[in-house]
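Take numbering that gives the first Met the number 0: the final residue in the sequence shown is number 124, and no numbers are missing along the way. Worksheet: the structure to be examined is printed underneath.
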Amino acid sequence: MPPGLPKPTDAELEILTVLWSRGPCTVREIHEVVVKRKPTQYTTVLKLLQIMAEKGLVRRNEEQRAHVYAAAGSRESTQKQLAGDLLQRAFNGSAARLVQGALSARKTSKAELDEIRKLLDEYER
């Protein structure tokens, strides 16, 4: 996320996920996706987007009749921010404990372990 943007709540992160995967959307388009996962009122999505716009998490294009919203930050920068926050709060800054916790939380496939090894090798270079 660009510096200074607040950490999104779980509900805000769900909306950001829709915007990252689909690109700029109207409230109705976002609501159609969110309501498939859990019952949510249109007005709830609208209010969340208004709050997110005030926080700077989304940008609102008001040129058309239906306002179009877009994520202000990238998925990668938001994930980095959330991982850094989790690293500090839950693992006392220890990346090794974070990785250990993540790997012990669920079964990890061989392909995913290979990808992690590759990332570690690249990071060491």
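Glycine is no exception: its CB is placed at the ideal position from the N, C-alpha and C atoms.
Exposure of residue i, with buried meaning 16 or more beta-carbon neighbours within 10 Å
| i | result |
| --- | --- |
| residue 15 | buried |
| residue 88 | exposed |
| residue 95 | exposed |
| residue 98 | exposed |
| residue 61 | exposed |
| residue 11 | buried |
| residue 38 | exposed |
| residue 7 | buried |
| residue 122 | exposed |
| residue 126 | Any answer about residue 126 is impossible in this case: the structure gives the chain only from 0 up to 124. |
| residue 0 | Because the pLDDT of residue 0 is 46, which lies under 50, any placement of that residue in the model is unreliable, and the number read from its coordinates should be weighed accordingly. Looking at its Cβ environment, which holds 16 or more other Cβ atoms inside 10 Å, residue 0 is buried. |
Strand pairing of residue i, partner residues [DSSP]
| i | result |
| --- | --- |
| residue 68 | 24 and 59 |
Collapsed DSSP secondary structure at residue i in the structure displayed
| i | result |
| --- | --- |
| residue 48 | helix |
| residue 87 | helix |
| residue 107 | coil |
| residue 100 | helix |
| residue 76 | helix |
| residue 12 | helix |
| residue 124 | coil |
| residue 81 | helix |
| residue 39 | coil |
| residue 0 | At residue 0, the pLDDT of 46 sits below 50, so the modelled position is not reliable; the number obtained from the coordinates is stated separately. Residue state, collapsed to three classes: coil. |
| residue 54 | helix |
| residue 6 | coil |
Residue i at chain B interface by Cβ criterion, 9 Å
| i | result |
| --- | --- |
| residue 11 | In the structure shown, chain B does not exist; there is a single protein chain. |
Proximity test, residue i beta-carbon vs the ligand FMN heavy atom, cut-off 8 Å
| i | result |
| --- | --- |
| residue 58 | Within the structure as shown, the ligand FMN is missing, as the structure has no ligands at all. |
Touching by the beta-carbon criterion (3+ pairs, under 8 Å), the segment 34-51 and the segment 76-85
The answer is no - the segment 76-85 does not touch the segment 34-51, with fewer than three Cβ pairs under 8 Å.
Count Cβ pairs between the segment 61-77 and the segment 10-29 that sit closer than 8 Å; are there 3 or more?
yes
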